[in-house]
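Heads up, the sequence shown is in my numbering, so the first residue is 16 and it goes up one at a time.
Where a beta carbon is used, it is the ideal one built from N, C-alpha and C, also for glycine.
All of these numbers come straight from a predicted model, not from anything done at the bench.
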Amino acid sequence: MTSRSQRRLGRSILLHLFLTPLALIWLFPLWMMVVFSTMPDNGIFSPGIELLPHDNFLENFNNLQRDTNFVGAIGISVSVAVTYTFLSVLLTSMAGWALARYEFLGKGIVVAIIFGTITLPYAVVLIPQFIMVARDFQLANTWVALIVPPLFNSLGVLFMRQAFSMMPAELFDAARVEGVKEWRIFLFIALPLARPMLAALAIILFLASWNNYLWPLLINSQPGAMTAPVALGTLIGLTKVSWGGIMAGAVMLTVPMLVVFVLLQRHFIAGIAAGAVK
């Protein structure tokens with residue numbers, strides 16, 4: 016083994032020695048969530064520290080399902096997240112394509128406004144958005160209210176603008192010379208080239224919709240229209256908190272997303288890296 020290989024191996028060992036404890040610190044709360052989901056309510060606050068799972072998960076889940084119809088709420092969350100992700104990726108890609116490849120009056124102002132919206136706290140627009148959707152448009156307790164208002168994503172627009180700006184303009188000019196229409200250039204040339212960035216953006220948007228709590232809580236008050244995070248929040252009452260059910264629901268919401276991220280992390284990392292380097 017050469018000295019260069021030895022130095023590389025030594026750096027790799029030191030890096031793993033440094034990162035492994037950090038990974039364990041990050042994973043420990045998740046593991047405790049799994050442990051708590053298998054314990055009864057009175058066992059969660061017992062004086063001793065339990066590090067191994069118990070056998071109470073099914074009972075906690077049955078209580079959760081009885082109180083909230085959690086399976087139905089998960090179905091609503093999945094449907095809303097998938098629809099929102101598809102529409103938002105499409106719209107942000109179209110906006111990013113226009114800002115990257117077309118010149119028009121006020122383009123700089125539009126980009127500056129989009130950058131400015133990123134700095135605005137969500138609480139600033141939450142109440143006006145709620146008044147407009149619920150009172151003016153009468154869309155409370157509908158799927159339209161859950162999906163449409165958050166569709167415009169400033170970060171997604173800027174991300175896709177960067178992705179399309181990295182592509183060679185000569186490729187699209189050659190397609191135009193051949194008589195290819197603009198919408199076909201966008202759908203069949205630009206979008207396939209931006210596949211890694213689209214995958215990364217889709218993962219980010221799906222997780223954002225899956226974890227969204229405040230907006231669905233405000234706009235949907237009917238039990239049958241609640242998303243899974245909102246349904247889980249109903250277990251926190253004034254006099255009683257079903258901690259076992261909350262932990263069981265949290266496991267059901269978290270573990271699938273972790274599995275999805277682990278399976279798709281290659282596309283996520285590739286998309287982020289491709290969008291960050293020009």
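| field | Whole-Å CB distance - GLU65 paired with MET54, under 8 Å assumed | value | On the sequence shown, position 50 is the one that residue 65 refers to. On the sequence shown, position 39 is the one that residue 54 refers to. Right, their Cβ atoms sit about 7 Å apart.
| field | PRO165 vs TYR117 beta-carbon contact at 8 Å | value | Translated into the one-based positions of the sequence shown, residue 165 becomes position 150. Translated into the one-based positions of the sequence shown, residue 117 becomes position 102. No, the Cβ-Cβ distance between PRO165 and TYR117 is not below 8 Å.
| request: Find out if the Cβ-Cβ distance for the pair LEU216, VAL104 is shorter than 8 Å. | output: Taking the sequence shown and counting its residues from 1, the one referred to as residue 216 is at position 201. Taking the sequence shown and counting its residues from 1, the one referred to as residue 104 is at position 89. With respect to the 8 Å criterion, LEU216 and VAL104 are classified as neighbours on the basis of their beta carbons.
| said: Which complete alpha helix (DSSP H) runs does the region 171–200 hold, if anything under 4 residues is left out? | reply: As for any alpha helix (DSSP H) of minimum length 4 sitting wholly inside the region 171–200, the runs are 184–192, 197–200, ordered along the chain.
| Selected residue, minimal CA-CA separation from VAL125, among LEU186, GLY111, VAL274, ALA138 | Locating residue 125 in the sequence shown gives position 110, where the first residue counts as 1. Of the listed residues, the one whose Cα sits closest to VAL125 is GLY111.
| task | May I have the straight-line CA-CA distance separating ILE28 from LEU34, to the nearest angstrom? | result | The residue labelled residue 28 in the question sits at position 13 within the sequence shown. The residue labelled residue 34 in the question sits at position 19 within the sequence shown. Taking the Cα positions, ILE28 is about 10 Å away from LEU34.
| What does a CB cutoff of less than 6 Å around ASN156 pick up in its chain, not counting 5 residues either side in sequence? | Looking up residue 156 in the sequence shown gives position 141. Correct list, in chain order: ASN235, GLN237, ALA240.
| task | Check whether the region 158–177 touches the region 243–259, counting contact only when three or more Cβ pairs, one atom from each stretch, lie closer than 8 Å. | result | No, the region 158–177 does not touch the region 243–259.
| Segments assigned alpha helix (DSSP H), at least 4 residues, entirely inside the region 82–146 | Taking only runs of at least 4 residues, the alpha helix (DSSP H) segments lying wholly in the region 82–146 are 85–116, 122–134, 137–145.
| said: Under DSSP, the alpha helix (DSSP H) around GLN21 begins and ends at which residues? | reply: Walking along the sequence shown from the start, residue 21 turns up at place 6. For GLN21, the enclosing alpha helix (DSSP H) starts and ends at 18–52.
| Environment of SER20 [buried if 16+ CB atoms lie within 10 Å] | Position 5 of the sequence shown holds residue 20. Sixteen is the threshold: since fewer than 16 other Cβ atoms of the shown chains lie within 10 Å of the Cβ of SER20, the residue is exposed.
| query | By DSSP, does ILE234 sit in helix, in strand, or in coil? | reply | Counting from 1 along the sequence shown, the entry for residue 234 is found at position 219. ILE234: helix per DSSP, three-state reduction.
| query | Given that a residue counts as buried once 16 or more other Cβ atoms are within 10 Å of its Cβ, and exposed if not, what is LYS293? | reply | Along the sequence shown, one-based indexing puts residue 293 at 278. Any reading at LYS293 needs caution, since the residue's pLDDT is 47, under 50, leaving its predicted position unreliable; the model's value is listed next. An exposed status is given to LYS293, since fewer than 16 other beta-carbon atoms sit within 10 Å of its beta-carbon.
| DSSP three-state call for VAL256: helix, strand or coil? | Within the sequence shown, residue 256 is the residue found at index 241, counting from 1. Looking at VAL256 - three-state DSSP - the assignment turns out to be strand.
| query | Using a Cβ-Cβ cut-off of 8 Å (strictly less than) and excluding sequence neighbours within five positions of ASP70, which residues of its own chain qualify? | reply | Locating residue 70 in the sequence shown gives position 55, where the first residue counts as 1. These residues qualify, in order along the chain: THR53.
| field | 7 Å Cβ shell around VAL86 - same chain, five flanking residues per side excluded | value | Within the sequence shown, the letter at position 71 stands for residue 86. Taking VAL86 as the centre and dropping the five residues before and after it, the same chain places the C-beta of GLN80 closer than 7 Å to its C-beta, in chain order.
| query | Which partner residues of ILE251 appear in the DSSP bridge assignment? | reply | Looking up residue 251 in the sequence shown gives position 236. Partner residues in the beta bridge of ILE251, as assigned by DSSP, are VAL256.
| So the alpha helix (DSSP H) PRO211 belongs to, where does it begin and stop? | Start at 1 with the first residue of the sequence shown, and residue 211 comes out as number 196. Following the DSSP letters along the chain, one finds PRO211 inside the alpha helix (DSSP H) bounded by residues 210–226.
| request: In the DSSP assignment, find the alpha helix (DSSP H) that holds VAL159 and state where it starts and stops. | output: The count along the sequence shown starts at 1 and reaches residue 159 at position 144. Judged by DSSP secondary structure, VAL159 falls within the alpha helix (DSSP H) whose first and last residues are 158–162.
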